[in-house]
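> There's a structure below that I have some questions on.
In the working numbering, the protein residues as written are 24 to 589.
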């Protein structure tokens, strides 16, 4: 269509700069009418000179023109001057026109024909820039979201905590509500649910994964499955929390784990967000990968922790048992504060063979410390338990144990002390046999400290071993102390480089005559611990056997008040 005469005059009245401008330019007078416009503006807006601004331009631009207030405001904003050439105006508004996005830049025009008080509005298309800026903002948001996901999920190896974090983050960033379902454990599937309020509920549900399309495949984890969009009307009642309403869309997403299925993520999407955009699909996939890795790691850790705890129960030192007519107390401190077991061990067998036999107490020290030493400790303890029928012959027990250890490829060895005890009238009769271990110490009530005359070879090194069994009698109040080298070889003291030593131990025991066994072992362990302070140390174990000061009542056939061991 050919431009009208008025349009031609308005266009011809434009300066050559405005007429040839690569973007749309409109000149508006102070009464908000369109005075002039170039061809680009006419094609973009489809308007003619003389039309009111409110009808000629989009609402966002009309608001900008109205709020700008004409050239007087432009001059006050630093845009005044004579002419437009060589001057760059800053955008004061932006918005859509057709399929594009444009910025409006006002420039005062001095000398417009018949209307000196006019403003030229340059409309600069920024569609591509806005698109790139939106993509950059989305990428930054995605990066921040995934960084938050990693930080929170890597902070814990607790399965329930990882499920909580996953559902909370998914409900906040990806949907209105979210569920995490992990493979069956015990009687049901652990399920975590988070709604719009951000509150997470944990439940163990007896569910059939086949009720939800794609859920069974996601929980199996293999082969990998794509997100499955399903009609929420077909979902069972446990999917949504009561009172939250029906979602507009629902998607089931597999959470990939480290070689094991980690679980499934169910997103409940509101109206208007039924499907993922390309960016959301990418973000959701990355989030599922992070969550699956964390959940599978937490699940594997929980399984390993359960197995370790089960095995550990068999390696932990036993509770001190009550012996017939003999007071007994024991204490153990592993080399590391985080360790529960180590290379030192003890066992107490109240009746090694039958009710008439002696009780047997075993104290040992395996070469090394930590888990490897604890494993060998368990093997030795099991072997000794199997050898209880021959506990009356200490030498034979040690020989069989030595043969058993030599059959193993391990280069580790063990030192042992065996103590068989039985009550005889007011005394406690002991048979003591050391195998490469520190000889037991006898502490009399008057403070005298005696060393049992026993000794022998290490177990697990030589094919032939030697051992000497000593006998001792404890009068009421006397004690026999069995200890590992973690006590005497504890390094510390004023300068931190001196061993606690045998002589210092004997001197301290000389002041412990007549102590109950509980107080005696606590005293010895406390002295050694104070000596090393915060420094490194070996495993420490100490046992005290004491002859009760009060003889058991023959009428009742039960120990007196001081014949009990807590």
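All C-beta atoms in this analysis are idealised placements derived from N, C-alpha and C, irrespective of residue type, glycine included.
For residue 240, name the three-state secondary structure that DSSP assigns.
Residue state, collapsed to three classes: helix.
> Could you tell me the distance, in whole angstroms, from the CA atom of residue 244 to the CA atom of residue 333?
Each residue's Cα considered, the two are about 28 angstroms apart.
> Skipping 5 residues on each side, what residues in its chain have a beta carbon closer than 6 angstroms to that of residue 227?
Result list for residue 227: 211 and 213, in chain order.
> Can you give me the C-alpha to C-alpha distance between residue 188 and residue 49, rounded to a whole angstrom?
Spanning the two alpha carbons is a distance of roughly 55 angstroms.
> Using the Cα positions of residue 444 and residue 283, report the straight-line distance between them to the nearest angstrom.
Whole-angstrom Cα-Cα distance: 54 angstroms.
> For residue 273, is the classification buried or exposed, using 16 other Cβ atoms within 10 angstroms of its Cβ as the cut-off for buried?
Looking at its Cβ environment, which holds 16 or more other Cβ atoms inside 10 Å, residue 273 is buried.
> Since I believe residue 201 is in contact with residue 318 (beta carbons under 8 angstroms), could you give me their beta-carbon distance rounded to a whole number of angstroms?
No, residue 318 and residue 201 are not in contact; Cβ-Cβ is about 14 angstroms, not under 8 angstroms.
> Residue 370 by DSSP, collapsed to three states: which one?
Note: residue 370 maps to strand in three-state DSSP.
> Mind checking whether residue 504 and residue 559 have CB atoms under 8 angstroms apart?
Contact: no.
> Is DSSP giving residue 251 helix, strand or coil here?
Residue 251: strand per DSSP, three-state reduction.
> Between which two residues does the beta strand (DSSP E) harbouring residue 427 extend?
Careful: residue 427 lies outside any beta strand (DSSP E), inside the alpha helix (DSSP H) at 417-429.
> I'd like the list of long-range same chain contacts for residue 293, defined as Cβ closer than 7 angstroms, with 5 residues on each side in sequence excluded.
Around residue 293: 199, 270 and 271.
> Can you tell me whether residue 556 is buried or exposed, with buried defined as 16 or more other CB within 10 angstroms of its CB?
Exposed, by the Cβ-count rule.
> Specify, as a first and last residue, the run of the beta strand (DSSP E) that residue 68 falls within.
Element bounds for residue 68: not the beta strand (DSSP E) but the alpha helix (DSSP H), 62-68.
> Assuming residue 490 is part of the beta strand (DSSP E), what are its boundary residues?
That run of the beta strand (DSSP E) goes 490-497.
> Would residue 77 and residue 87 qualify as a contact pair, given that the criterion is a beta-carbon distance under 8 angstroms?
Not a contact, by the Cβ cut-off of 8 angstroms.
> By how many angstroms is the C-alpha of residue 80 removed from the C-alpha of residue 121?
One C-alpha to the other measures close to 11 angstroms.
> Can you tell me which residues form a DSSP beta bridge with residue 457?
Looking at the DSSP assignment, residue 457 forms a beta bridge with 440.
> Following the continuous alpha helix (DSSP H) through residue 381, name the residue where it begins and the one where it ends.
Segment: none, residue 381 is in no alpha helix (DSSP H) and carries neither H nor E.
> Secondary structure at residue 329, three-state DSSP: helix, strand or coil?
Reduced to three states, the DSSP call for residue 329 is helix.
> Contact between the region 251-265 and the region 231-242 is defined here as three or more beta-carbon pairs at a separation below 8 angstroms; is this criterion met?
They touch, by the three-pair rule.
> Using a 10 Å radius around the Cβ and a threshold of 16 neighbouring Cβ atoms, would you call residue 256 buried or exposed?
Classification of residue 256: exposed, given that the 10 Å Cβ count is below 16.
> Kindly indicate the opening and closing residues of the alpha helix (DSSP H) around residue 196.
That run of the alpha helix (DSSP H) goes 182-196.
> Taking DSSP as the reference, what is the three-state secondary structure of residue 126?
Strand at residue 126.
> Around the Cβ of residue 59, are there at least 16 other Cβ atoms within 10 angstroms (buried) or fewer (exposed)?
So residue 59 counts as buried.
> In whole angstroms, what is the alpha-carbon distance linking residue 429 and residue 484?
Taking the straight line from one Cα to the other gives about 7 angstroms.
> Excluding five sequence neighbours on each side, which residues of the same chain lie with their C-beta closer than 7 angstroms to the C-beta of residue 98?
Only weak support exists for where residue 98 lies, its pLDDT of 41 falling under 50; the coordinates are left without a value.
> Output needed for residue 383: all residues of its chain with C-beta closer than 6 angstroms, excluding positions within five of it in sequence on either side, in chain order.
For residue 383, where only same-chain residues beyond five positions count, the Cβ hits under 6 angstroms are 372, 375, 414 and 443.
> How many angstroms separate the CA atom of residue 602 from the CA atom of residue 154?
With the chain represented from 24 up to 589, any question about residue 602 goes unanswered, as that position is not in the structure.
> Starting from residue 203, trace the beta strand (DSSP E) both ways and give me its first and last residue.
From DSSP, the beta strand (DSSP E) with residue 203 extends over 200-204.
> Under a Cβ-count criterion, where at least 16 other Cβ atoms within 10 Å of its own Cβ denotes burial, should residue 366 be classed as buried or exposed?
So residue 366 counts as buried.
> Have a look at 323, 358, 370 and 407 and flag the residue whose alpha-carbon is nearest the alpha-carbon of residue 342.
The shortest C-alpha separation from residue 342 is found at 370.
> Since residue 552 and residue 511 are thought to touch, with beta carbons under 8 angstroms apart, how far apart are those beta carbons, to the nearest angstrom?
Not a contact, Cβ separation roughly 13 angstroms.
> When you compare each of 113, 51 and 330 to residue 141 by their alpha carbons, which one comes out closest?
With distances taken between Cα atoms, residue 141 lies closest to 51.
> Mind reading off the beta-carbon distance from residue 285 to residue 205? Whole number of angstroms is fine, and I expect it under 8 angstroms.
Confirmed, Cβ separation roughly 7 angstroms.
> So, using beta-carbon positions, are residue 116 and residue 83 closer together than 8 angstroms?
In contact: residue 116 and residue 83 (Cβ atoms closer than 8 angstroms).
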